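Beneath this line is the structure, given in structure tokens, with notes to follow.
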Amino acid sequence: MALRRFKRGCEKAGILTETRRREFYEKPTAMRKRKDAAATKRHKRKVSMSAIRKKPPYKKF
9 MALRRFKRGC EKAGILTETR RREFYEKPTA MRKRKDAAAT KRHKRKVSMS
59 AIRKKPPYKK F
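As structure tokens, then:
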């Protein structure tokens, strides 16, 4: 019971993902490239979602 609660707490805090990310040294240029790629991906997703929402649900002829 306590182990399950501990696992859930670690998952919510993001400890496991952070330890995996910090497992090996990442060069500053690689870190910058990763962050830029993530920002580009977020922007593209945001633009595509806004384009989808702007379309009317049906077309009148």
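Position 46, counted from 1, in the sequence shown is what the working numbering calls 54; the numbers after and before it change by one each time, with no gaps.
We put the CB at the ideal spot given by N, CA and C, even for glycine.
Computed from a predicted structure; not experimentally measured.
Determine the DSSP secondary structure at residue i, reduced to helix, strand or coil.
i: G17; result: helix
i: R40; result: helix
i: M9; result: coil
i: R53; result: helix
i: K62; result: helix
i: R30; result: coil
Quick check on residue i - is its C-beta less than 9 Å from some C-beta in chain C?
i: H51; result: No chain C appears in the structure shown, which is made up of a single protein chain.
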